[in-house]
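Engineer: First, the structure itself, so that you have it in front of you.
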Ligand code: SF4
């Protein structure tokens, strides 16, 4: 059980952040389903316009061949999943995709590279890419793995807005899923990211054979980051053949919606992103997630290497639900 706040910013403490014990989060999970969704919806309306959905596009800029052993990931070199390895793409190719993303309404362009962490020569290339994407007027986000000292500062200077680094799962469940790094390694990189002045995108994955208590442990760990992450992607495991979690037990849809609701309640000012796994969700389930406080989605292109619902489908669903892409005018709660 977590007994103290997970302080990732030793310079500027934020005592206003409420401490969430695992027990307290677990008791939220146990709230009657519709009560929980209603409570989350109320909190959502307090801080956000519930009709505005932040749209991000994610592009894999370096795919596969990763030395890590994350049990959920088809990009690990240890598993035979059929993913085609792709070296770091050229700036021009990435910029062309970013332009398309912007034209289709994305406000943020997220770039993912399958590394344990970047090497100094990778940082040189990546900073060039970030500068080029930023010059298009898009917000930028990168997910490049564990960072060494000074790298976060280089990324910030190049114009990176957000760094994505997920806690993946509860500390107690971490070793069941990943053996090549520790939960504390993630906290260490998150600390570097905050210290450099980058915004934090940090979430996790559910449906990896964790218990409800462990799901509560993941949410408590996220909510106790101080300050809380600006963006919290909640992923549903996509079971990819060839990965150790290909036969993971199915998580009931209500449990996923509960996780979204609990994330919204415990991190009221964060964007809660409906992330990987969305392509397998019905429209009704996605609508329930938006009701429970999800207010960000990945949109278009491919979500790393697993499918993302077609953009047309997204547009149609947003129109049916009277949702609109978030922009500077509509983002605030009325
Ligand atoms: S999740 Fe990231 S670090 Fe883990 S195997 Fe996949 S690409 Fe590598």
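Numbering (the working numbering), first residue to last: 14 to 347. Glycine included, every Cβ here is placed at the ideal spot set by N, Cα and C.
(1) Can you check DSSP and say which residues form a bridge with residue 122?
(2) Taking 9 Å as the threshold (C-beta atoms), are residue 200 and residue 168 in contact?
(3) Grab the span of the alpha helix (DSSP H) containing residue 133 for me, first residue to last.
(4) DSSP three-state call for residue 311: helix, strand or coil?
(5) Closer than 5 Å is what we want: which residues have a beta carbon that near any heavy atom of ligand 1? List them in chain order.
(6) If you compare alpha carbons, which of 253, 213 and 62 is closest to residue 289?
(7) Leaving out five residues before and five after residue 131 in sequence, what residues of the same chain have Cβ atoms less than 6 Å from its Cβ?
(8) So, residue 119 versus residue 70, is the Cβ gap smaller than 9 Å?
(9) At which residue ranges does the region 34 to 101 contain complete alpha helix (DSSP H) runs of 4 or more residues, listed in the order of the chain?
(10) How far does the beta strand (DSSP E) with residue 175 in it extend, from its first residue to its last?
(11) Can you look up residue 247 in the DSSP assignment and give me helix, strand or coil?
(12) My output table needs one value for residue 212: the three-state DSSP class, helix, strand or coil.
(13) Please state whether the Cβ-Cβ distance between residue 275 and residue 307 is less than 9 Å.
(14) Based on Cα-Cα distance, which residue from 149, 35, 42 and 50 lies nearest to residue 304?
(15) Below 8 Å on the Cβ atoms is my guess for residue 220 versus residue 250; work out the distance and round it to an integer in Å.
(16) Is the region 236 to 250 touching the region 72 to 79 in the sense that three or more CB pairs, one from each, lie closer than 8 Å?
(17) Given a cut-off of 9 Å, decide if residue 268 and residue 225 are closer than it, judged by their beta-carbon atoms.
(18) Taking the continuous beta strand (DSSP E) assigned at residue 286, which residues delimit it?
(19) Tell me the DSSP secondary structure of residue 253 in three-state form.
Structural biologist: So, from the listed chains and residues:
(1) Under DSSP, residue 122 takes part in a beta bridge, and its partners are 70 and 153.
(2) Using a Cβ distance threshold of 9 Å, residue 168 and residue 200 do not count as a contacting pair.
(3) Judged by DSSP secondary structure, residue 133 falls within the alpha helix (DSSP H) whose first and last residues are 133 to 147.
(4) The DSSP-derived three-state label of residue 311 is strand.
(5) Residue selection by CB proximity (closer than 5 Å to any heavy atom of ligand 1) returns 79, 81, 83, 86, 88, 89 and 127 in chain order.
(6) For the set 253, 213 and 62, the Cα lying nearest the Cα of residue 289 is the one of 253.
(7) 157.
(8) Judged by beta-carbon spacing, residue 70 lies within the 9 Å limit of residue 119, meaning their Cβ atoms are closer than that value.
(9) Fully enclosed alpha helix (DSSP H) runs of 4 or longer: 35 to 42 and 46 to 60.
(10) Per DSSP, residue 175 is one residue of the beta strand (DSSP E) stretching across 175 to 177.
(11) Residue 247: strand per DSSP, three-state reduction.
(12) Residue state, collapsed to three classes: strand.
(13) Contact flag unset, no.
(14) If we check each option's Cα against that of residue 304, 50 comes out closest.
(15) So it is a contact: roughly 4 Å between Cβ atoms.
(16) The region 72 to 79 makes no contact with the region 236 to 250: fewer than 3 CB pairs, one atom from each, lie closer than 8 Å.
(17) Contact flag set, yes.
(18) Element bounds for residue 286: 284 to 287.
(19) Here residue 253 sits in coil by DSSP.
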